[in-house]
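2 protein chains.
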Amino acid sequence: MAENKGLTPRGEDFNAWYNDVVLEAELADYSPVRGSMVIRPWGYGIWENMQKGLDGLFRDTGHENAYFPLLIPMSFIEKEKEHVEGFAPELAVVTHAGGKELEEHLAIRPTSETIIYHMYARWVQSYRDLPILMNQWCNVMRWELRTRLFLRTAEFLWQEGHTAHATAQEAEAEALQMLNVYRRFMEEWVAMPPVTGMKSESERFAGAVRSHSCEALMQDNRALQAGTSHFLGQNFARQFDLKFQSEAGQEEYAWNTSWGVSTRLIGGMVLTHGDDVGIVVPPRLAPVQGVVVPIWRKEEEAVAVREKSDEVAARLKKTGVRVKVDGRGHLTPGAKFWEWERKGVPLRVEIGPKDLAKEQVVLVRRVTSGEEPRKEFLPEAQAVAEMPGRLEAFQGALLQAARDRREANSHRGITDFGQLQEIMDGPGGFVYTGWSGDPAVEERVKAETKATLRVIPDPEFRSATAPTRCIGGGDAKMEVVWAKAY
Amino acid sequence: MAENKGLTPRGEDFNAWYNDVVLEAELADYSPVRGSMVIRPWGYGIWENMQKGLDGLFRDTGHENAYFPLLIPMSFIEKEKEHVEGFAPELAVVTHAGGKELEEHLAIRPTSETIIYHMYARWVQSYRDLPILMNQWCNVMRWELRTRLFLRTAEFLWQEGHTAHATAQEAEAEALQMLNVYRRFMEEWVAMPPVTGMKSESERFAGAVRSHSCEALMQDNRALQAGTSHFLGQNFARQFDLKFQSEAGQEEYAWNTSWGVSTRLIGGMVLTHGDDVGIVVPPRLAPVQGVVVPIWRKEEEAVAVREKSDEVAARLKKTGVRVKVDGRGHLTPGAKFWEWERKGVPLRVEIGPKDLAKEQVVLVRRVTSGEEPRKEFLPEAQAVAEMPGRLEAFQGALLQAARDRREANSHRGITDFGQLQEIMDGPGGFVYTGWSGDPAVEERVKAETKATLRVIPDPEFRSATAPTRCIGGGDAKMEVVWAKAY
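In order, the protein sequence lines correspond to chains A and B. Everything in the first sequence is counted per our numbering, starting at 1 for the first residue and increasing by one. Everything in the second sequence is counted per our numbering, starting at 1001 for the first residue and increasing by one.
Spelled out as structure tokens, the structure:
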């Protein structure tokens, strides 16, 4: 393995720290293909756990998985006017295949609304065929100029849900339901509590009527758009002739939604919980939740501590904990500790010759909220029995810390443009202000502070007192959240 | 949903039957992109169960999942001489992206040896970094001229395992181990027992030293290459500079293997078990193992039979059975029976008003081996308790039937070319003969009978008496298996 180069401290250069930690935790690596990355087993294992969690929530809400083609005829993408404007500049295009130039060029999907609604149109005749509630897990491609591991890559993995409904109300309810599924997943699994709300027109998905978003605040006080859910109205249904016969016998266009989250969530996890030692993986996402490290000096001690380590690991496995014994002989215990801390394993169990005699183990937390000790000596049986509960507590503490940080860096009741500017020039964070609804204000804020309108927050995120003044002057029509964004 | 067009009987036109049944069972549909198909939820659910089964076997043998880029620089594919000859004619090429022509054109991966071994070369320094045992689940693209749903599509889903080892012996053992993992999966999950063996030089993977294959015999007596495992020697390691420092301090090239199975397995499942009614899904692969159909005539009966159906389903779920209640009000029971039989659900439970009174259910098998009745009246408690065992028996009966059929259509001890010709012109099947090892014999067999050399069978598949005469005349060096193939 590559020599440890050490991590740039966050306080010195946050962006450099992020790149270092993603590489050094072996989450991902650069590839020889511009803008594409390799997701290494540790990163992919986290993604698999994300998939499991999300997939369960999708199924519980009645969705089925399917798979649609990677390549989309250019004519399809060109059908929805806003859609092609939004995606055309980022397309990767297959012009030749099988040794010949193709009659119609094919785009690698940047998202699959067009081809999916084309297929739905073949499958739907009557209202009885609705709703269609499908999701696909796949790769997509958007030719981005500036790329960052996980946060913005030309190719990324994601899921895209696509639904068709008989009524606008049902589709709108679906879009909101899935926004809340995302929010719940980000809170309960990623321990990354987002603010949810609606996008302004300028930030809307290309082709949507309304876009809803989960915006999470990273440690550097920049916002990460971590998941979006769109009410597409009948825009795509009209272009792809997705019609059905209603119960009353009328021919009507269906109403669509689409919603997606991607491997960007892994970047969000790193930016939410990581520290100068490495990443921190929330237990529900950790491929290894507890690592058992046998410690020995003399060769004659090795057998006993390794056996005990295997035994403890087997007992932990029975309690449902994902556990790994690191028995490598050519590394010092210190090197192992360092590696697993860098990779963010929540709990470490150390077992040495002295612990054997005392029937105890040493339990070390990857991070502590300050209330618990980082390191504890515990009777072996107690450590095993308490492990699932400790992992849950660890998960909860991460969420609480992230929520506290978000709130501490949310600035409410800002009415003065200079104040907004000052915050954005200084610490950053979420700034709540009034807004008239005028796009010119968004343009001015962006030009002068680099912040963008993240969301028009959902009711529970709004300030107790509704703002009356727009940050750009004049009356406010609504409250909005500004932040610099990834 | 589209009107039922009925299935072409197998005896009338086997190929037409296959296309009909794949479409009518809603496994897949044609897409507007030439050679690409849509995998519908029922087909994708079967694929997900295949993934679960295989993934467990891969993990049990020490493999980890990762993800590598979709696009591969053309220069990479051109590095390994045989590899480029094998794959160049089938490549789909991205020439433009982000609105510009690319300096280096990029191929959509037809397989990922090149880019993966390039990455391994970055990660491996010493023998301590070996073996690397990785697998990826992904889509690949091969621009085929003649395509068939699942069996041969331009885009398909698969897994590709790629390993690197310090010694040739270890790599060869890995290639054989994975061949056996595939065999076991095909037997125990797909109930499609393959013959395993080695490919002749002419049928070898482009770039491999040795290719091992699982060849299964379909109902029309054609062979399906259902999974392959390759010992790559140092061919790719040399081209991609995949070197390591040995324990003795020498710089050496690593030894590689690669192995893959794809959504083609779904086609194999259909061609192995399907009948004129529809497909038959082995219980271990079935998204729904038991469907419960409440039956009522009068509206006042509906509530009670639906309640009972939900109750029975809940009890079945507790025994670990994947179960679904089909309570749709606008379809007759007959229409539901027909739909689920077409989709191959192994067992059906019918519950009507008379059954309620008797505390019984009607249990119907999708297929029967002839020893059991197709339809039974059973006390409700017994039906629930016996369901897991009955599903296991169903799975076992499918395997036995497929094995019997394979053996009944295997022709051993054939020494005369005319006989081979007669079998291939007639019933088809696996024909075992001697072979001198001369490729000219393969060419003659192919030209005159359309059969190809499927494998040089592994020991346990060889005939009791080794053949002494080559089918093309002269002495035999080995026994081989011929068949017409998909």
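Quick reminder that beta carbons are idealized off the backbone N, C-alpha and C, glycines included.
Does DSSP classify residue i as helix, strand or coil?
i	result
F1430(B)	strand
E144(A)	coil
N1493(B)	One cannot answer for residue 1493(B) here, as it falls past the ends of chain B, which runs 1001 to 1486.
M1192(B)	coil
I456(A)	strand
D1438(B)	coil
A476(A)	coil
M1037(B)	strand
D1276(B)	coil
D1425(B)	helix
G260(A)	strand
N221(A)	coil
L378(A)	strand
G1086(B)	helix
A1164(B)	strand
R238(A)	helix
L151(A)	coil
S229(A)	strand
L1102(B)	strand
L1157(B)	strand
L1133(B)	strand
I1414(B)	coil
Assign residue i to buried or exposed, taking buried as 16 or more other Cβ atoms, counted over all protein chains shown, within 10 Å of its Cβ.
i	result
K1298(B)	exposed
D1416(B)	exposed
V303(A)	exposed
L1157(B)	buried
T1368(B)	exposed
T114(A)	buried
N1015(B)	exposed
A1097(B)	buried
How many angstroms separate the CA atom of residue i from the CA atom of residue j?
i	j	result
Q1125(B)	T1167(B)	15 Å
S436(A)	K1336(B)	56 Å
V441(A)	L453(A)	10 Å
Q245(A)	G1329(B)	18 Å
H165(A)	K243(A)	10 Å
W487(A)	Q234(A)	There is simply no residue 487(A) to check, as chain A begins at 1 and stops at 486 in what is shown.
G1099(B)	G227(A)	27 Å
T95(A)	R1142(B)	15 Å
G1428(B)	V1261(B)	25 Å
P32(A)	L106(A)	23 Å
V209(A)	L232(A)	5 Å
Examine chain B for any beta-carbon lying closer than 8 Å to the beta-carbon of residue i, and answer yes or no.
i	result
W143(A)	yes
P131(A)	no
V270(A)	no
G98(A)	yes
H330(A)	yes
N139(A)	yes
P110(A)	no
E251(A)	no
H118(A)	yes
V321(A)	no
Does chain A have any CB closer than 8 Å to the CB of residue i?
i	result
M1050(B)	no
F1068(B)	yes
R1040(B)	yes
L1106(B)	yes
R1128(B)	yes
M1134(B)	yes
Y1044(B)	yes
E1113(B)	no
L1157(B)	yes
Check each residue of the region 1301-1313 of chain B: if its Cβ is closer than 8 Å to any Cβ of chain A, include it; give the result in chain order. none
Closer than 8 Å between beta carbons: that is the criterion. Which residues of the region 58-91 of chain A meet it against chain B? E64, N65, A66, Y67, F68, P69, L70, L71, I72, P73, F76, A88, P89, E90, L91
Check each residue of the region 1169-1202 of chain B: if its Cβ is closer than 8 Å to any Cβ of chain A, include it; give the result in chain order. none
Beta carbons nearer than 8 Å to chain B: which residues of the region 7-38 of chain A have them? D29, S31, P32, V33, S36, M37, V38
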